[in-house]
Each structure stands twice: as structure tokens, then as C-alpha cells.
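K.L.:
Input: one structure, supplied below.
Chains as they are written, first to last, in our numbering: chain A, 1 to 332; chain B, 333 to 630.
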């Protein structure tokens with residue numbers, strides 16, 4: 001395994017044109033991912049996780065303005081023409097989506113949809129692609145793959161459909177897999193199975209994975225490194241273990257406290273983070289979390305805080321880490 | 333749908349309902365308005381085809397001596413003011429009606445669907461331009477453009493086909509673009525893009541198949557409108573020219589004799605009504621039958 005990063009994102013910024021005017025959906029996101037590494041993105045809805053993922057895939061609307069740099073194996077992807085991007089998508093970078101019920105085309109058989117990226121990117125014959133599709137469907141644990149390859153998406157359950165979309169995403173043995181909330185729409189009992197499947201496939205094929213989730217538990221168990229996003233910026237990043245042991249940012253701590261717990265006394269209220277996510281079209285000048293933060297001061301609102309290193313490769317975008325981490329970084 | 337891949341041995345036992353089209357005809361035959369619409373439409377089509385090989389009398393021979401005969405064994409529905417056999421006129425008229433309808437809808441479909449798909453795929457100013465152009469065409473009264481065309485090119489079947497065809501384009505542009513936009517917003521299109529497909533392939537493989545049923549239904553309804561428009565233009569003397577019989581012309585001829593022989597207006601009127609009703613019922617039936625989601629719930 002070489003040390004050169006497979007994906008290197010530097011100072012990524014995305015401005016979207018929304019009905020409320022231009023919105024800076026992502027600001028100053030930087031990270032590097034080596035081959036075989038796994039990275040988690042956590043945050044609430046609208047914090048810029050999915051926009052970051054779509055920017056990596058080159059799937060943002062044409063009206064979006066992207067700044068900074070995204071490099072895949074050293075090659076710049078920002079500003080790459082769509083035809084060139086089409087050769088990468090599904091081939092070197094793949095994506096799994098949140099909603100398996102709608103991510104498959106109801107008009108085509110699942111075999112056709114799984115074989116499609118193979119036919120498109122690898123130049124195999126139709127018969128070979130079909131054979132490979134059956135093997136893939138078998139690998140992702142679809143029962144009776146050889147018999148059901150000609151069935152249509154509506155004949156499968158949600159969990160089975162998510163297995164099919166995983167087979168689609170993995171067809172061409174991509175280098176990078178982006179999983180955008182792959183289990184959010186599934187039953188809890190299925191969630192674990194799907195995550196285990198993704199983890200074993202990532203390991204088996206030596207892929208890098210970016211796992212997006214709003215669920216800290218999912219992140220804690222499935223990735224080596226994590227980034228917490230809020231208001232379009234990364235507020236905390238580091239090794240998953242390090243972050244969970246010493247949470248530096250008040251937002252991460254708030255997220256952790258807000259998780260439901262088994263065995264809590266009956267009638268115990270869940271802790272919440274007061275306030276709501278700021279409108280991306282109308283972000284405050286300083287720390288994006290300042291309005292909801294219990295330890296915010298005037299200087300927090302003056303300018304976006306710089307990232308402070310609080311440990312080995314563990315960065316926190318907060319100027320009050322002395323207080324926040326002193327207060328016992330761990331919520332448990 | 334394309335199935336170039338052969339199933340491996342032992343896969344014959346596909347579970348029932350494996351394809352959305354399974355049992356299409358079984359369901360179709362139980363769908364009352366579809367059956368009625370199909371019967372009426374086939375009746376008109378049959379009349380047009382029959383007229384190619386046989387009519388009781390020639391539809392072009394004038395026999396003033398036997399004009400305005402009441403229905404008899406010789407002339408089943410009587411004769412018109414020029415002594416032509418009504419049945420023969422109706423049969424041959426069905427031909428021009430269907431021809432105008434097919435070609436005009438063909439023009440509307442090919443241009444309208446193409447432009448609509450481009451508008452949905454390209455977005456931005458391309459979409460704006462296409463939509464504003466179709467608004468412009470739409471805002472222009474069809475009869476007025478037909479009169480204009482007739483003034484330039486002279487009245488006749490080609491003129492009426494062109495005028496009706498052009499008038500059909502914006503409807504198809506709108507229907508196509510609207511439903512295509514809805515498909516473009518679906519997650520499976522995003523998934524297809526994530527799999528590396530370009531907008532052309534997505535349009536052909538994902539958008540078009542998913543809006544096809546909408547287009548088929550719209551086409552049958554537009555066919556009915558084209559028949560009405562053809563009748564109207566012929567009635568105004570801008571469409572099919574004599575001696576070529578057409579239902580609209582027959583109505584026009586009957587107008588002056590409305591009190592002497594009212595039935596002369598009823599026959600072509602009924603023929604138009606049957607064709608339009610049949611196509612509309614057929615369209616409704618197809619809409620129900622072609623939707624795989626509705627099909628499952630039945």
C-alpha cells in the first residue's frame with residue numbers, strides 16, 4: 001500500500017443556487033484518503049455531507065460553483081468535463097444511495113441494471129456481463145440470484161434492493177465507494193446486515209470507503225477515521241477512536257449526548273441541542289455553531305475559528321477547546 | 333424490452349408476475365373502457381381498410397338523378413345531394429381521417445418528444461428556448477395557422493396535415509418535458525449517473541421507457557383531437573378537397589340541407605363521435621393498463 005493518497009480534497013467549497021439565493025453549502029473541507037482506508041462523515045441534515053459526496057462524484061447541478069481541489073490518484077477532478085467524469089463514475093468511484101426503493105429503475109430487470117456498468121466500462125460481452133451480474137448478486141447475498149436475475153425491482157424487499165444497488169456500485173471494482181446513508185431507509189434488523197456486507201466487501205476488495213451517516217453508532221463501528229460536519233464545515237476530524245475518546249467540539253459532544261440509550265431510567269428525556277441548523281444561505285460570519293453553543297463567546301462570532309490540533313491527527317474547529325475538552329470530552 | 337441474454341438452464345420457473353407485461357391481455361380484456369375503445373377504434377380502422385378494397389358504390393360517382401334517397405336496400409344509408417352513396421362516403425372518409433390523424437400525430441410525436449427530451453436533459457437556456465417557442469406556437473390559434481398555411485400553400489390534405497401536426501408539437505413538448513423532468517429528479521437517474529452514464533443514454537434508457545406510457549396515452553388523445561381538427565378544417569373548406577370524401581366535408585355539405593335531410597349531418601357526425609370516443613376510451617384504458625405500478629395493485 002503506497003503512502004500517496006488515493007483521494008485528496010483540498011479546501012473544497014460548494015456554492016449552490018437555491019430559491020433563497022446562493023448558499024455556501026460546503027466550506028473549506030479538506031481530507032485525504034489512502035487506498036483501503038475508511039472515512040466517516042457525520043452530521044445533521046443539511047450540514048453538507050451529501051453535497052460533499054456529490055461534489056466528489058461530479059454530480060452537483062451545473063449551477064453549483066465548486067472551488068478548491070479534488071484529486072483522484074493525483075488527477076484533478078474539479079472542472080473535469082462531464083464526458084471524462086462519466087468514465088470515472090461507476091468505474092473508479094461508485095456510490096450507494098439512501099433510498100433503495102427509488103434507486104433502481106422500475107422498468108429494467110435487476111440483472112440488466114447490475115450488468116450495465118460492466119457493459120459500459122469494461123467492454124465485456126453481454127453474456128459475460130450477465131454471468132458477472134449473477135456472481136455479484138450472489139456475493140451481496142441475494143438469495144437465488146441465478147433465478148431472480150430477470151426479476152424487476154418491485155419484486156424485492158428494501159433490504160434486497162439495497163443489496164442490488166451495492167452489487168451495481170461494486171460491479172466495476174471501484175477504488176472508492178461512497179455510501180450515502182446506506183441503511184437509513186432500512187429496518188434496524190437489516191441495517192446491521194447491510195453494514196456488515198459493505199464492510200466485508202470493502203475489506204475483500206481493498207476499496208476506500210466514505211460512509212455518510214447521521215448515526216454516530218454506525219460511524220463508530222464502521223470507519224477508521226471520521227469527520228463531523230456542521231453548517232458546511234468540518235468541525236472535528238480524527239481517528240474514530242480518538243474522537244470518541246476525547247470529543248473536542250461542543251457540537252460533537254452535543255450529538256453524542258443526544259443519542260438514545262438503552263437502560264436509561266424510564267421517563268428520562270433525551271438531551272437535545274437547542275436551536276436549529278442555520279440556513280446555508282444565511283450563515284453567521286463566525287463559528288457556524290455559535291448560536292447553539294453553550295460556551296460561545298463574542299470572539300466565536302467574529303471569524304470562522306481555525307482548526308486546533310488536540311491530538312495526533314485530531315483536529316477541532318473551536319477556539320474554546322480549553323473549556324470544552326476540560327468539561328470532559330466524553331459524554332458518557 | 334431488450335432481452336438479448338439467454339437465461340441459464342433451470343431458470344424457467346420465474347415467479348408469476350415476473351414481468352410487468354405478464355397478463356397484459358388478460359387484464360386488458362377485463363378493462364371495460366379499454367375494450368369498448370378498442371372495439372370502436374378497430375371499427376373505424378376496419379372501415380378505412382375495407383374502403384381500400386370494397387365499397388358498396390363508388391364514392392366518387394355523381395348520380396344527380398338519385399339524389400337524397402332515403403335508406404334502402406341499394407343505398408343502406410341513402411344518398412347525398414349529388415347522389416353519392418353515404419356508406420361509401422363514410423368508408424372512404426374514414427381513410428382520410430385516419431391518414432391525417434396518423435401523420436399529424438406522427439409529426440407532433442417525433443418533433444415534440446424529441447424537443448421535450450432535449451429540454452429536460454439539457455436544462456438551462458436550451459430548455460427556456462424550447463419551452464418559450466412551444467408557448468408561442470401554442471398561443472397561436474390552430475385554425476388561424478391553418479388558414480395562413482392554406483393561404484400560402486393552398487387548401488388541401490397536405491396543408492391540413494401540416495397545420496394539425498405543427499399544432500400537436502407543443503402539447504407533446506410540454507407533456508414530454510414535464511414527465512421527463514419528474515423522471516430526471518428520481519434517485520435511479522442519479523444512481524445511473526453515478527454509474528457513469530451520460531445524459532443521452534439516461535434519456536434513452538431511463539427517461540423514455542418510464543414516460544412511454546404517458547406518451548402513448550397522450551398520442552391516442554391527440555389522435556382524437558387531430559380527427560376533430562381535420563373535420564373542422566374540412567368543414568371550413570381548408571382541409572380535404574372535393575371530390576375526396578371526408579367526414580368534415582360531408583358535414584359542410586349537409587349544413588345547407590339541415591331541414592330537408594337532417595340525417596345527412598347525423599351520419600358523419602356520428603362517425604366522428606365514434607372515432608373520437610373510441611380513441612379517448614382506448615387512451616384511458618391504456619393509461620390504466622400500461623402503468624406497472626397500477627398493474628401490480630390490480
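We put the beta carbon where it would ideally sit given N, CA and C, even for glycine. The structure displayed is predicted, hence computed values, not measured ones.
1) With DSSP as the reference, identify every bridge partner of residue 98 of chain A, one or two as the case may be.
2) Does the Cβ of residue 417 of chain B have 16 or more other Cβ atoms within 10 Å, making it buried, or fewer, making it exposed?
3) Helix, strand or coil: how does DSSP classify residue 315 of chain A here?
4) For a contact meaning CB atoms closer than 9 angstroms, what does residue 122 of chain A contact in chain B?
5) So, does the CB of residue 602 of chain B fall closer than 7 angstroms to a CB anywhere in chain A?
6) Using a Cβ cut-off of 7 angstroms (strictly closer), state whether residue 104 of chain A contacts chain B.
7) Shorter than 7 angstroms from the beta carbon of residue 355 of chain B to some beta carbon of chain A?
8) Express the C-alpha separation of residue 448 of chain B and residue 107 of chain A in angstroms, rounding to a whole number.
9) Are there 16 or more other CB atoms within 10 angstroms of the CB of residue 457 of chain B, so buried, or fewer, so exposed?
10) Are residue 59 of chain A and residue 175 of chain A closer than 7 angstroms when you measure CB to CB?
11) Would DSSP call residue 264 of chain A helix, strand or coil?
12) Which of helix, strand or coil does DSSP assign to residue 45 of chain A?
13) Can you tell me the Cα-Cα spacing of residue 497 of chain B and residue 68 of chain A, whole angstroms?
14) Can you confirm whether residue 562 of chain B, when its beta carbon is compared against all beta carbons of chain A, has any partner nearer than 7 angstroms?
15) Taking just the CA atoms, how far does residue 120 of chain A sit from residue 537 of chain B?
16) When we look at the beta-carbon of residue 187 of chain A and count the other beta-carbons within 10 Å, is it buried (16 or more) or exposed?
17) Rounded to the nearest angstrom, what separates residue 331 of chain A and residue 233 of chain A at their Cα positions?
18) In terms of residue numbering, what span does the alpha helix (DSSP H) encompassing residue 252 of chain A cover?
19) What residues in its chain sit with their C-beta under 8 angstroms from that of residue 20 of chain A, if we drop five residues either side in the sequence?
20) Spell out whether any CB of chain A is found under 7 angstroms from the CB atom of residue 520 of chain B.
21) Output yes or no for whether 7 angstroms exceeds the beta carbon distance between residue 509 of chain B and residue 452 of chain B.
22) Since residue 40 of chain A and residue 240 of chain A are thought to touch, with beta carbons under 8 angstroms apart, how far apart are those beta carbons, to the nearest angstrom?
23) Whole beta strand (DSSP E) runs in the region 49 to 113 of chain A with 3 or more residues, listed along the chain?
24) What are the boundary residues of the alpha helix (DSSP H) that includes residue 501 of chain B?
25) From residue 450 of chain B to residue 245 of chain A, what does the alpha carbon distance come to, in whole angstroms?
26) Which class does residue 470 of chain B belong to by DSSP, given the choice of helix, strand or coil?
27) For the beta strand (DSSP E) that residue 239 of chain A lies in, which residues bound it at each end?
28) Residue 307 of chain A lies in the beta strand (DSSP E); which residues open and close that run?
29) I'd like the span of the alpha helix (DSSP H) that includes residue 31 of chain A, first residue to last.
30) Around the C-beta of residue 74 of chain A, are 16 or more other C-beta atoms found within 10 angstroms, so that it is buried, or is it exposed?
31) Measuring straight from C-alpha to C-alpha, what distance separates residue 323 of chain A and residue 193 of chain A?
32) Provide the residue span of the beta strand (DSSP E) that contains residue 16 of chain A, from first to last.
33) Measuring straight from C-alpha to C-alpha, what distance separates residue 477 of chain B and residue 483 of chain B?
34) Using a C-beta to C-beta distance shorter than 8 angstroms, which residues of chain A count as neighbours of residue 513 of chain B?
35) Just to confirm, is the Cβ distance from residue 14 of chain A to residue 25 of chain A under 7 angstroms?
36) Taking only beta-carbon positions, decide if residue 359 of chain B is within less than 7 angstroms of chain A.
P.N.:
The relevant details are as follows:
1) Looking at the DSSP assignment, residue 98 of chain A forms no beta bridge with any residue, so it has no partner.
2) So residue 417 of chain B counts as buried.
3) If DSSP states are grouped into helix, strand and coil, residue 315 of chain A belongs with the strands.
4) Within 9 angstroms Cβ-Cβ: nothing; residue 122 of chain A doesn't reach chain B, min ~11 angstroms.
5) Not an interface residue.
6) Closer than 7 angstroms to some Cβ of chain B, the Cβ of residue 104 of chain A qualifies, so yes.
7) By this cut-off, residue 355 of chain B is not an interface position.
8) Between the alpha carbons of residue 107 of chain A and residue 448 of chain B lies a gap of roughly 20 angstroms.
9) Residue 457 of chain B is exposed by the Cβ-count criterion.
10) Cβ atoms of residue 59 of chain A and residue 175 of chain A: not closer than 7 angstroms.
11) Note: residue 264 of chain A maps to coil in three-state DSSP.
12) In the structure shown, residue 45 of chain A sits in coil (DSSP, three-state: anything other than H, G, I, E or B).
13) Distance between the alpha carbons of residue 497 of chain B and residue 68 of chain A: 51 angstroms.
14) Answer no: the Cβ-Cβ gap between residue 562 of chain B and chain A never drops below 7 angstroms.
15) Annotation: residue 537 of chain B to residue 120 of chain A spans about 13 angstroms, alpha carbon to alpha carbon.
16) Note on residue 187 of chain A: under 16 other CB atoms within 10 angstroms of its CB, so exposed under the neighbour-count rule.
17) Here the model assigns residue 331 of chain A a pLDDT of 43, short of 50, so the residue's position is not dependable, and the following value carries that caveat. Rounded to the nearest angstrom, the two C-alpha atoms are 22 angstroms apart.
18) From DSSP, the alpha helix (DSSP H) with residue 252 of chain A extends over 250 to 257.
19) Shown here for residue 20 of chain A: same chain residues with a beta carbon closer than 8 angstroms to its own, the five before and five after excluded, namely 279, 281, 282 in chain order.
20) Yes, contact with chain A.
21) Yes.
22) Right, their Cβ atoms sit about 7 angstroms apart.
23) If we require 3 residues or more, the beta strand (DSSP E) runs fully inside the region 49 to 113 of chain A come out as 65 to 72, 93 to 96.
24) 489 to 516 is the span of the alpha helix (DSSP H), which, as asked, contains residue 501 of chain B.
25) Distance between the alpha carbons of residue 450 of chain B and residue 245 of chain A is about 54 angstroms.
26) For residue 470 of chain B, the three-state secondary structure derived from DSSP is helix.
27) Note, residue 239 of chain A: beta strand (DSSP E), 233 to 239.
28) DSSP places residue 307 of chain A in no beta strand (DSSP E); its state is neither H nor E.
29) Where residue 31 of chain A is concerned, there is no enclosing alpha helix (DSSP H), although the beta strand (DSSP E) it sits in stretches over 21 to 33.
30) Its Cβ having fewer than 16 others within 10 Å, residue 74 of chain A is exposed.
31) Rounded to whole angstroms, residue 323 of chain A to residue 193 of chain A spans 40 angstroms at the Cα level.
32) Per DSSP, the continuous beta strand (DSSP E) segment holding residue 16 of chain A begins and ends at 7 to 18.
33) If you take the alpha carbons of residue 477 of chain B and residue 483 of chain B, they lie about 10 angstroms apart.
34) In chain order: nothing, as chain A lies at least about 13 angstroms away.
35) With respect to residue 25 of chain A, residue 14 of chain A sits close: the two C-beta atoms are nearer than 7 angstroms.
36) Answer no: the Cβ-Cβ gap between residue 359 of chain B and chain A never drops below 7 angstroms.
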